[in-house]
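Student: The working numbering runs 30 ahead of the 1-based position in the sequence shown. Virtual Cβ for every residue (Gly too), placed ideally from N, Cα, C. Starting off with a structure, shown below.
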Amino acid sequence: MKILQLCNKPPYPSVDGGTMAMNSITQGLLAMECELKVLTVETDKHPVLEEKVSDEYRRRTGFESVYVDLRIKALPAMVAMLCGESYHVKRFESVAFAEKLKEILKQDSFDIVHVESLFLTPYVSLIRKYAPSAKVILRAHNVEHLIWKQVAQSTRYGLKRWYLKHLSLALRSYELEHVNDYDGVVCITANDADYFRKAGCRRPITHIPFGIEPEDVGHVDVEPCSLFHIGAMDWMPNKESIAWLLEEVWPVVHREVPQAHLYLAGRKMPMQWMKTDVEGVTVVGEVPDAMYFIASKQINVVPLLSGSGIRVKIIEAMSMGKVVVTTTVGAQGIDYTDGENLLIANTPAEFATQIKRCVEDADFCRQVGEAAAKLIHEHYDVQKLTERLMTFYNQILKR
């Protein structure tokens, strides 16, 4: 099977949850001996790290990238608002990317064009024109407008809240209208697939979660009573969750279990947190080896208040046998059992209670971590999930 994978940011090397999710598809399809071509958008926020892109990866994927300027500009944003268009999507419209895509489609033929994220939807009409026999599949990492709706609802400031609400409504209109532009839709969670069905998606739709192949980092000493959060801080739900953690949760935790120490890691860490002097908290920012960092800590805290899709960093931590304390929002898309392989907490008091139990009961912490690793091994294996994806591809090709 010949597949063109279009990505809204470079999938390799993987630097965050979204890129890990895309690269898992790449690696799974290559393992299934598909003939794969990867074309990606690169931006100032997500550049291609040329020195880290291996020759083997380039050879196996025909990897190419096109720079697209996604910087927010006041005039285009205002024009989009006045015209009722989604500025989130408009920013991805690029003549250079369209030309490169057209060149690829004219040079070769593909059975499947696999589009990672809603934001590349403006190119579907071009794909239809130059690859009329190809089936175009959307991989919806999230229901995008729901994230922005939740962020708007949690924003305190009037003007900013109003503008974010406008962005979410414009994105909702675009997302629900154009999801039917595709021949099939692959969601990462069952909840997202159900949402699209109920909202009017008339195309075949399935859900296939994110797969992971646990890395062996060797023996790493684990710091006792250590809590950690790792995630890209240029993603608004992560910023929102850490602000809530520091303001609402940590004072209770520090009072109840003063021996606990919290580490905050991730790309684009805001300067006000890098300079924080909150007792019991260390902000490390971007770490050179995320796997080693996770392995060296005991308890993963993920207090997400908004978002859809599946949290890759939770899957990653669970695969390494870490106990994870998260919200119902953070856990969505994971086939968990609360109290057995994942711990759910939705209020500051609940978070403090779960953390206290983990800090004070090492056996409980170990048991939950072991059950978490077993769950990921059994349900989130890359090969098994890629086989499901290939089955869906073949169903679409027969239509």
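Helix, strand or coil for T357, going by three-state DSSP, please let me know.
Tutor: On the sequence shown, position 327 is the one that residue 357 refers to. T357 falls in the coil class under three-state DSSP.
Student: Helix, strand or coil for A170 per DSSP?
Tutor: For the purposes of this step, residue 170 is identified with residue 140 of the sequence shown, where counting begins at 1. A170: strand per DSSP, three-state reduction.
Student: Pick helix, strand or coil for K327, following the three-state DSSP scheme.
Tutor: Position 297 of the sequence shown, counting from 1, holds the residue named residue 327. Reduced to three states, the DSSP call for K327 is coil.
Student: When the Cα of E123 is compared with those of H291, D99, A295, R396, which residue comes out closest?
Tutor: In the sequence shown, counting from the first residue as 1, residue 123 sits at position 93. Ranking H291, D99, A295, R396 by Cα distance to E123 puts D99 first.
Student: Jot down the residue ranges of each uninterrupted alpha helix (DSSP H) in the region 150-211, minimum 4 residues, whole runs only, in chain order.
Tutor: Within the region 150-211, the complete alpha helix (DSSP H) runs of at least 4 residues are 154-160, 174-184, 188-208.
Student: Output the boundary residues of the beta strand (DSSP E) element that contains E72.
Tutor: In the sequence shown, the residue the question calls residue 72 occupies position 42. E72 -> beta strand (DSSP E) spans 65-72.
Student: Nearest to Y160 by CA position, among V173, E146, T185, I134, is which residue?
Tutor: Locating residue 160 in the sequence shown gives position 130, counting from the first residue. For the residues V173, E146, T185, I134, the minimum Cα distance to Y160 belongs to I134.
Student: Let me confirm a value: K75 is counted as buried when at least 16 other C-beta atoms fall within 10 Å, else exposed. Which label applies?
Tutor: Against the sequence shown, residue 75 aligns to sequence position 45. So K75 ends up on the exposed side.
Student: To the nearest angstrom, report how far apart K391 and V282 are at their CA atoms.
Tutor: The residue given as residue 391 occupies position 361 in the sequence shown. The residue given as residue 282 occupies position 252 in the sequence shown. In the sequence under discussion, the amino acid at residue 391 is Asp, which differs from the Lys named in the question. Taking the straight line joining both Cα atoms gives about 18 Å.
Student: Could you give the first and the last residue of the continuous beta strand (DSSP E) run that contains E94?
Tutor: Looking up residue 94 in the sequence shown gives position 64. That run of the beta strand (DSSP E) goes 94-97.
Student: Here's the rule I'm using: 16 or more other beta-carbon atoms within 10 Å means buried, otherwise exposed. How should L372 be labelled?
Tutor: Taking the sequence shown and counting its residues from 1, one reaches residue 372 at position 342. Result: buried.
Student: I'd like to know whether the C-beta atoms of R297 and G47 end up nearer to each other than 8 Å.
Tutor: By 1-based counting over the sequence shown, the position of residue 297 is 267. By 1-based counting over the sequence shown, the position of residue 47 is 17. No, Cβ-Cβ distance for R297 and G47 is not below 8 Å.
Student: Contact between the region 212-226 and the region 163-175 is defined here as three or more beta-carbon pairs at a separation below 8 Å; is this criterion met?
Tutor: Short answer: they touch.
Student: Taking the C-alpha atoms as reference points, what is the distance between F240 and V173?
Tutor: As a first step, residue 240 must be located in the sequence shown, where it is residue number 210. As a first step, residue 173 must be located in the sequence shown, where it is residue number 143. For F240 and V173, the distance between alpha carbons rounds to 15 Å.
Student: Would you please state the rounded distance, in angstroms, between the beta carbons of V71 and K39? I believe it to be under 8 Å.
Tutor: Residue mapping note: residue 71 aligns to position 41 of the sequence shown, counting from 1. Residue mapping note: residue 39 aligns to position 9 of the sequence shown, counting from 1. Indeed they touch by this definition, with Cβ atoms about 6 Å apart.
Student: Take the Cβ of V252 as the centre, count every other Cβ of all protein chains shown within 10 Å, and call the residue buried at 16 or more, exposed below.
Tutor: On the sequence shown, residue 252 is found 222 positions in, with the first residue counted as 1. Classification for V252: exposed.
Student: Closer than 8 Å is the cut-off here; do at least three beta carbon pairs connect the region 394-412 with the region 358-372?
Tutor: Yes: the two stretches touch, three or more of their Cβ pairs being nearer than 8 Å.
Student: Would the beta-carbon of I26 fall within 8 Å of that of H259?
Tutor: An answer regarding residue 26 cannot be provided, because it is not within the stretch 31 to 429 covered by the chain.
Student: Taking DSSP as the reference, what is the three-state secondary structure of G315?
Tutor: As a first step, residue 315 is located in the sequence shown; it is residue number 285 there, counting from the start. Correct three-state label for G315: strand.
Student: When burial is assigned at 16 or more other CB atoms within 10 Å of the CB, is A229 buried or exposed?
Tutor: Translated into positions along the sequence shown, residue 229 becomes position 199. Label assigned to A229: exposed.
Student: Which same chain residues, not among the five before or five after I238, have their C-beta less than 6 Å away from its C-beta?
Tutor: Here residue 238 is taken as the residue at index 208 of the sequence shown, counted from 1. For I238, where only same-chain residues beyond five positions count, the Cβ hits under 6 Å are V216, L415, R418, L419.
Student: As an exercise, report each continuous alpha helix (DSSP H) stretch of at least 4 residues that is fully enclosed by the region 388-423, in chain order.
Tutor: The region 388-423 contains these whole alpha helix (DSSP H) runs: 392-409.
Student: For Q57, which residues from the same chain have a beta carbon less than 7 Å from its beta carbon, with the 5 sequence-adjacent residues on both sides left out?
Tutor: On the sequence shown, position 27 is the one that residue 57 refers to. So the qualifying residues of the chain are V412.
Student: Cα-Cα, which of C388, A375, D307, I218 is closest to Q289?
Tutor: Locating residue 289 in the sequence shown gives position 259, counting from the first residue. When only C-alpha atoms are compared, the closest one is C388.
Student: For the alpha helix (DSSP H) that contains H237, what are its first and last residues?
Tutor: The residue given as residue 237 occupies position 207 in the sequence shown. H237 -> not in any alpha helix (DSSP H); beta strand (DSSP E) instead, spanning 235-237.
Student: Does the distance from the CB of H118 to the CB of L199 come in under 8 Å?
Tutor: One-based indexing of the sequence shown puts residue 118 at position 88. One-based indexing of the sequence shown puts residue 199 at position 169. Not a contact, by the Cβ cut-off of 8 Å.
Student: Using the C-alpha atoms, what's the distance from S84 back to F140?
Tutor: Locating residue 140 in the sequence shown gives position 110, counting from the first residue. Locating residue 84 in the sequence shown gives position 54, counting from the first residue. F140 and S84: Cα-Cα distance of roughly 24 Å.
Student: Can you tell which of W265, G315, Y193, A347 has its C-alpha closest to the C-alpha of K404?
Tutor: Sequence index remark: in the sequence shown, residue 404 carries index 374 (1-based). The option with the nearest alpha carbon to K404 is A347.
Student: Kindly indicate which residue of Y97, V311, M304 has the alpha-carbon position closest to the one of C430.
Tutor: Only positions 31 to 429 of the chain appear in the structure, and residue 430 is not among them; the question remains open.
Student: If we count Cβ pairs, one from each stretch, closer than 8 Å, do we get three or more for the region 260-270 versus the region 320-340?
Tutor: Yes, since at least three Cβ pairs between the region 260-270 and the region 320-340 fall closer than 8 Å, the two stretches touch.
Student: Can you tell me which of the three DSSP states K32 falls into?
Tutor: As a working mapping, residue 32 is identified with position 2 in the sequence shown. Three-state DSSP puts K32 in a strand.
Student: Counting C-beta neighbours from all protein chains within 10 Å, is the total for N53 16 or more, i.e. buried, or is it exposed?
Tutor: On the sequence shown, residue 53 is found 23 positions in, with the first residue counted as 1. Buried is the call here.
Student: Could you tell me if H291 is buried or exposed, where buried requires 16 or more neighbouring beta carbons within 10 angstroms of its beta carbon?
Tutor: Numbered from its first residue, the sequence shown carries residue 291 at position 261. With 16 or more Cβ atoms within 10 Å of its Cβ, H291 is classed as buried.
Student: When you compare the CB positions of Y42 and Y97, do they come within less than 8 Å of one another, or not?
Tutor: The count along the sequence shown starts at 1 and reaches residue 42 at position 12. The count along the sequence shown starts at 1 and reaches residue 97 at position 67. Going by C-beta atoms, Y42 is not nearer than 8 Å to Y97.
Student: What residues in its chain sit with their C-beta under 6 Å from that of I55, if we drop five residues either side in the sequence?
Tutor: As a working mapping, residue 55 is identified with position 25 in the sequence shown. None.
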